[in-house]
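Chains as they are written, first to last, in this note's numbering: chain A, 2 to 239; chain B, 2 to 239. Input: a single structure, listed below in structure tokens.
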DNA sequence: AATACCAGCTTGGTATCCCAAAATGGTATC
DNA sequence: GATACCATTTTGGGATACCAAGCTGGTATT
């Protein structure tokens, strides 16, 4: 985390220049999600300013947006990277279950099932040699893209935002190979049900998958909370 | 909408002084929800600045927050009060159905049913003499408070934000006395099912209520869209 | 040694200034 | 009369100066 006071002004996928605010928001989000700044760590506007070479105006704008994403929160007068909150993780899973099941039921009623192939291809792009980081991303994108298929923007955004909020915790989770394989299998089973148009089966599988993942996640973090705190990560018990 | 360049700095319910940002955000939200600024109307930071007697820094912060609430949206380089979007209203109802049903099912599993009395009292505080504005508020708060009982913050916030986003459209809806009475009856029926701990019945009633309300709302606005546009309100068809 | 106190520094909140891009409006040209 | 063109104004994005509140560290008093 060495200061490198150079305005980066990254370009987005369209090649258009991002505003400083977007640039700071994006980079800061990546640092938080990538755990380069640990949960519970304090942030000062001045540090971000010098770190990204932007002035306080775009920095403040970016902070306000990240606050609504739940990635940072106010700490009295200052800012703090949101701690990992086990109670919150449990609540998010219930929320996810509601919106994802609704989304997948909607998707099952759609006639065009060809778009499902894209998601399946994404899943299958992962093999034994795929780095853990990629597994992580694909696992999130599966749920996000599945929700997008529903065509309902609110359901989609709800899932996307929830997955963003879960991202760090899922990355910290101690997972074995078997767990990755299990998720892969469950994802495929869900897709199969959707392709068959079997909404009840898809809903049941997805629901079990989300709750099962939550239980493993919370258990893992709960057991590992000592180690996490030793690494400087604030973990709030359920 | 006469400029009155006086810093108001309203106080919140705790009596503590709000920051300029909070003050501007709150007042601007009330103007938008109260239709003092019509859907589709352009906003300039300079106008808000002079209108509320704040400088551009808190004004911009407030705009960023209202954007995430969906009350305003970017219009190229500038800001616009979000138009009434019939397609969006239909999608929100599906989203509401998912989260509200999940919330009410959770609530049904709770042991303490006494809190339901508070909501019932709120409903019963409205009678024939109650101003229409109060009916409107209570109708929204019913859903918000019901979701709060679930104890799940994400479900609660989802419902609260969705109701905020629906608020203007519901106010514009052409409703007869019968419609108000129908909603009142349906709300009571839902509460009765919750009190009885009958989750399936509560879910069914709530689901029908939300979808029925949506259909009446969209139909009403669709039929009245000419009149609404004549009043200067941007209405986007489904 | 413990504590009350104060100066100075840090930090978020705000106001204001500058800038580039876009909108605006008038004018000259065809 | 329509249109292309240019000067002016307006507007949002950004930079910076200033302020008040709060924290810090040192000091003086007991």
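Beta carbons are placed, not taken as given, at the ideal position from N, Cα and C, and that holds for glycine.
**Study point:** Close beta carbons around residue 85 of chain A, own chain, < 6 angstroms, minus the five adjacent residues each side
**Key:** 40, 170, 236
Practice item. Could you tell me if residue 168 of chain A is buried or exposed, where buried requires 16 or more neighbouring beta carbons within 10 angstroms of its beta carbon? Key: buried
**Study point:** Short-range partners of chain B found in the segment 153-184 of chain A, where Cβ spacing is below 8 angstroms
**Key:** 153, 154, 155, 156, 159, 163
Check your understanding: Looking at the C-beta of residue 12 of chain B, does it have a partner C-beta in chain A at a distance below 8 angstroms?
Key -> Unreliable positioning characterises residue 12 of chain B in this predicted model, as indicated by a pLDDT of 49, which lies under 50. A coordinate reading is not provided.
Exercise for review: Look up residue 86 of chain A in the DSSP assignment and give the residues it is bridged to.
Suggested key: A:237
Point to revise | Other residues of its chain near residue 184 of chain A: CB distance less than 8 angstroms, five sequence neighbours each side excluded | key: 140, 210, 214
Check your understanding: Going along chain B, which residues have a C-beta under 9 angstroms from residue 92 of chain A?
Key -> 152, 153, 154, 155, 156
Check your understanding: In its own chain, which residues sit with a C-beta less than 6 angstroms from the C-beta of residue 226 of chain A, not counting the 5 before and 5 after it?
Key -> 236
**Study point:** Spatial distance of residue 131 of chain B from residue 219 of chain A (CA atoms)
**Key:** 48 angstroms
Review point. Buried or exposed: where does residue 112 of chain B fall if 16 or more other Cβ atoms within 10 Å of its Cβ makes it buried?
Key: exposed
Exercise for review: Determine the direct distance from the alpha carbon of residue 228 of chain B to that of residue 36 of chain A, and round the result to whole angstroms.
Suggested key: 53 angstroms
Check your understanding: With DSSP run on the structure shown, which of helix, strand or coil describes residue 156 of chain B?
Key -> helix
Review point. Quick one: what does DSSP say residue 215 of chain B is sitting in, helix, strand or coil?
Key: helix
Check your understanding: Nearest chain A C-beta to residue 15 of chain B closer than 8 angstroms, yes or no?
Key -> Low local confidence applies: a pLDDT of 49 at residue 15 of chain B is under 50, so the model's placement there is unreliable, and no value is given.
Practice item. Confirm, please, whether the CB-CB distance from residue 222 of chain A to residue 181 of chain A is below 8 angstroms. Key: no
Exercise for review: Report yes if the CB atom of residue 67 of chain B is closer than 8 angstroms to the CB atom of residue 43 of chain B, and no otherwise.
Suggested key: no
Practice item. Find out if the Cβ-Cβ distance for the pair residue 101 of chain A, residue 195 of chain A is shorter than 8 angstroms. Key: no
Review point. So is residue 153 of chain A buried or exposed if we call it buried at 16+ other beta carbons inside 10 Å?
Key: buried
Check your understanding: When Cβ atoms are compared, which residues of the segment 59-80 of chain B fall closer than 8 angstroms to chain A?
Key -> 61, 62, 65, 66, 69
Point to revise | Selection from B:53, B:230, B:208 that minimises the alpha carbon distance to residue 144 of chain B | key: B:208
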